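Reading through the structure tokens given below for one structure.
Residue numbers (my numbering), protein chains in the order written: chain A, 1 to 152; chain B, 1 to 166.
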């Protein structure tokens, strides 16, 4: 699989350094509410599957100084994963890793296509801005939550 | 309730070292295994245990904030929350481990876990050979917080070794 390389405004749990990188899904961690929506007081539903994705350090950091077999594992939500476009080059290495070779290789999607494919995908830029501004106004006491509910 | 010290984590590791069935359960389903021995980890996050072996050494980091298995390990050390640890552990884990005094041979695979989502990780270190016949209490005493983050290995003091062998 590949991790999407899309930019994000606002809260997001997909570290930038794995975006656009290819890795292997080694486990399904369960389903969890989408943190990108939860952070803005949305229910974050439907829950997203969370996958443990294993990346080779050399894939993530081309100048990595450690051993060839070193890995990094990151839990990635479903809407950030897409089929690997580049192919199965991840499997050319010959170290003694113990993951299943039938695990699917995926890469993360690129900006626009991912947005279109997921109705319940990440919030749009303006939606995030609106939420952030509203929270800020409430936090600073310029607007109360009650005012906001009345005007909605 | 979050614990304030890593004592609970050390107890869990010692139990896993002493009881193979518990260890198996802990690695497969950490929440259920802990519940079986009376530890309720709450609902804030899921837990997973990763096992160090002669071939794999695990290290935990949270690059996006400082997610930490507080329930088992207590309050995180200041360095765990530092930008230096959080950013360098993913890029140069062997360099970071070396700063902690831990040099791993190249054939040992270093596996970094970035716990940025809904799971918190506990490292199950390898049981030192010199601890044969030890009680769970004795074992727990050598399981430090850093061992369970992956920045150290359990150590048996030469004195303790002699005393227990006698």
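Ideal Cβ placement from N, Cα and C applies to all residues, glycine included.
Note that the structure is predicted; figures quoted are calculated from it, not measured.
> Counting along the chain, where does the alpha helix (DSSP H) carrying residue 85 of chain B start and finish?
Replying inline: 83-91
> Using the beta-carbon count (16 or more within 10 Å), is residue 95 of chain A buried or exposed?
Replying inline: Its pLDDT being 47, under 50, residue 95 of chain A is placed unreliably by the model, and the measurement read from it follows with that caveat. Exposed.
> Rounded to a whole number of angstroms, what is the C-alpha to C-alpha distance between residue 72 of chain A and residue 24 of chain B?
Replying inline: 23 Å
> For residue 10 of chain A, which residues of its own chain have a beta-carbon under 6 Å away from its beta-carbon, when the five flanking residues on both sides are left out?
Replying inline: 128
> Between the C-alpha atoms of residue 70 of chain B and residue 17 of chain B, what's the straight-line distance to the nearest angstrom?
Replying inline: 21 Å
> At what residue ranges does the region 88-129 of chain B contain a whole run of the beta strand (DSSP E), taking only runs of 3 or more?
Replying inline: 109-114, 119-124
>> Tell me the DSSP secondary structure of residue 60 of chain B in three-state form.
In response: strand
> Does residue 138 of chain B come within less than 8 Å of chain A when only Cβ atoms are used?
Replying inline: no
> Does DSSP put residue 145 of chain B in a helix, in a strand, or in coil?
Replying inline: helix
>> Among A:29, A:25, A:3, whose alpha-carbon lies nearest the alpha-carbon of residue 17 of chain A?
In response: A:3
>> I need the straight-line Cα distance from residue 93 of chain B to residue 14 of chain A, nearest angstrom please.
In response: 20 Å
>> Check this for me: beta carbons of residue 60 of chain B and residue 3 of chain B, under 8 Å apart or not?
In response: no
>> Once the 5 residues before and after residue 47 of chain A are set aside, which same chain residues still bring their CB inside 7 Å of it?
In response: 31, 32, 33
> Taking residue 5 of chain B as the reference, which of B:119, B:153, B:109, B:141 has the closest Cα?
Replying inline: B:141
>> Quick check on DSSP: helix, strand or coil for residue 153 of chain B?
In response: coil
>> Given a cut-off of 8 Å on the beta-carbon distance, is the pair residue 110 of chain B and residue 104 of chain B in contact?
In response: yes
> Would you report the Cα separation of residue 137 of chain A and residue 143 of chain A, rounded to the nearest angstrom?
Replying inline: 5 Å
> Along chain A, which residues have their Cβ under 9 Å away from the Cβ of residue 93 of chain B?
Replying inline: 57, 66, 70, 72
>> Can you look up residue 20 of chain A in the DSSP assignment and give me helix, strand or coil?
In response: coil
> If residue 59 of chain A sits next to residue 21 of chain A, beta carbons under 8 Å apart, how far is it from one beta carbon to the other, in whole angstroms?
Replying inline: 6 Å
>> Would residue 118 of chain B and residue 46 of chain B qualify as a contact pair, given that the criterion is a beta-carbon distance under 8 Å?
In response: yes
>> Any beta carbon of chain A sitting closer than 8 Å to that of residue 27 of chain B?
In response: no
>> Would you call the region 50-64 of chain B in contact with the region 84-91 of chain B, where contact means no fewer than 3 C-beta pairs closer than 8 Å?
In response: yes
> Quick one: is residue 44 of chain B buried, meaning 16 or more other Cβ sit within 10 Å of its Cβ, or exposed?
Replying inline: exposed
> Using a Cβ-Cβ cut-off of 7 Å (strictly less than) and excluding sequence neighbours within five positions of residue 136 of chain B, which residues of its own chain qualify?
Replying inline: 14, 15, 18
> Relative to the alpha-carbon of residue 134 of chain B, which residue among B:107, B:80, B:156, B:99 has its alpha-carbon at the smallest distance?
Replying inline: B:156
>> Starting from residue 71 of chain A, trace the beta strand (DSSP E) in both directions and tell me its first and last residue.
In response: 71-77
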